Every structure is written in structure tokens, then in C-alpha cells.
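A.B. asks: Attaching a single structure in C-alpha cells format; questions to follow.
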Amino acid sequence: MTSKSNKVDALFSNFNCAQTVFSLFAPELGIDKNAALKISSGFGGGMTCAETCGAITGSYMVIGMKHGHSTSNPDEKANTKLRIQKFNEKFIAKHGSLICKKLLGSDISTVEGLSFAHEKNMLKLKCPNFIKSACEILESDL
1 MTSKSNKVDA
11 LFSNFNCAQT
21 VFSLFAPELG
31 IDKNAALKIS
41 SGFGGGMTCA
51 ETCGAITGSY
61 MVIGMKHGHS
71 TSNPDEKANT
81 KLRIQKFNEK
91 FIAKHGSLIC
101 KKLLGSDIST
111 VEGLSFAHEK
121 NMLKLKCPNF
131 IKSACEILES
141 DL
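For the sequence shown, position 112 (counting from the first letter as 1) is numbered 112 according to my numbering, and the numbering increases by one without interruption.
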């Protein structure tokens, strides 16, 4: 496990997937940890609609801060896009999807789906693995 992966369990017990990923990388990106937690707070639970997993959106924030473009330079845009695609490929190869409800096997944006996920302890059993994988991919590629 990577150094960031070792910190996931403690952090995830208080924050969502996106917050966990983004805040773990915040110091090396020059971002205050509390600011990172606030910025990423709305991206958990697949943006509260069980779509793109928070571990993924948090990772996109890390990639954007590290390699994103702030000009209209087509080479910079292409580099950002390539890094996102490479991240996606590696995550999908390991977990089969980028979508929260597919990863969990439950649509946590619904009362029934969230109830089922809590009943089966899915968020505590599955989500930390997705976050750890995201961190490992980011650490190997940054």
C-alpha cells in the first residue's frame, strides 16, 4: 500500500470519498486541507446521485491541480485529457466501472438503495478500497 492509502480508513470515517482523496493530496498541491475538504464536499455519493464515484471526482481534482491547463493551449488541454483517460483505464481495469451505483451494486441516491447499502455495510466495506486504488494510481502517475 502507498503512503496515502494507509491514511484512508481514518479519514474516510469522517468524510466522503472525494474529500478523502482530494484532501490527502492537498498539502503537496499547495492547498490547505480544510479548503480541499470544502471544495470536494459536494462530490461524495457519486455527486449525491450515485453517478461518478467520489474517489474518481476527487482524483480528477488532484490531476487538474497537478497537470491541468489554465490556458487555451491545445497541448496542455490534451495532456490533461490524456492523464484523466489513463487514470480511468487503470481504475476500470481494477474495479470495472467509474460509476458509484455500479461499484457498490446499490443506488445510494435512493432511500431504498442507501438503506440496503447501510444494511450490508457496503460503504465501509467497499468504498475504502476504491479510494485506496485511486490514491495508488495517482501516486504512481504523478
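Backbone N, C-alpha and C define an ideal beta-carbon position, used for all residues, glycine too. What you are looking at is a predicted structure, and each value in this text was computed from that prediction instead of being measured.
Nearest-angstrom Cα distance between residue 92 and residue 132?
C.D. replies: Along the sequence shown, read from residue 1 onward, the residue named residue 92 stands at position 92. Along the sequence shown, read from residue 1 onward, the residue named residue 132 stands at position 132. Approximately 14 angstroms, taken between the alpha carbons.
A.B. asks: For the structure I just gave you, are there three or more beta carbon pairs, one from the region 72-84 and one from the region 98-111, closer than 8 angstroms?
C.D. replies: With a cut-off of 8 angstroms, the region 98-111 and the region 72-84 do not count as touching, because too few Cβ pairs lie within range.
A.B. asks: Under 8 angstroms between the Cβ atoms of residue 37 and residue 24?
C.D. replies: Along the sequence shown, read from residue 1 onward, the residue named residue 37 stands at position 37. Along the sequence shown, read from residue 1 onward, the residue named residue 24 stands at position 24. No.
A.B. asks: Taking only three categories from DSSP, how would you classify residue 31?
C.D. replies: Taking the sequence shown and counting its residues from 1, one reaches residue 31 at position 31. Coil, per DSSP.
A.B. asks: Does any heavy atom of the ligand ZN sit closer than 7 angstroms to the C-beta of residue 33?
C.D. replies: Inclusion of the ligand ZN in the displayed structure is not the case, the ligand content being empty and no account of it being possible.
A.B. asks: Can the beta-carbon of residue 53 be found closer than 8 angstroms to that of residue 98?
C.D. replies: Along the sequence shown, read from residue 1 onward, the residue named residue 53 stands at position 53. Along the sequence shown, read from residue 1 onward, the residue named residue 98 stands at position 98. Yes, these two residues count as a Cβ contact at 8 angstroms.
A.B. asks: Rounded to whole angstroms, what's the CA-CA distance from residue 60 to residue 119? Just pull it up for me.
C.D. replies: Here the question's residue 60 lines up with position 60 in the sequence shown. Here the question's residue 119 lines up with position 119 in the sequence shown. For residue 60 and residue 119, the distance between alpha carbons rounds to 30 angstroms.
A.B. asks: Determine the direct distance from the alpha carbon of residue 85 to that of residue 71, and round the result to whole angstroms.
C.D. replies: Along the sequence shown, one-based indexing puts residue 71 at 71. Along the sequence shown, one-based indexing puts residue 85 at 85. When rounded, the distance between both Cα atoms is 20 angstroms.
A.B. asks: If residue 100 sits next to residue 51, beta carbons under 8 angstroms apart, how far is it from one beta carbon to the other, in whole angstroms?
C.D. replies: Start at 1 with the first residue of the sequence shown, and residue 100 comes out as number 100. Start at 1 with the first residue of the sequence shown, and residue 51 comes out as number 51. Indeed, because the Cβ distance is near 6 angstroms, the residues count as touching under 8 angstroms.
A.B. asks: If you draw a straight line from the C-alpha of residue 21 to the C-alpha of residue 134, how long is it?
C.D. replies: As a working mapping, residue 21 is identified with position 21 in the sequence shown. As a working mapping, residue 134 is identified with position 134 in the sequence shown. If you take the alpha carbons of residue 21 and residue 134, they lie about 8 angstroms apart.
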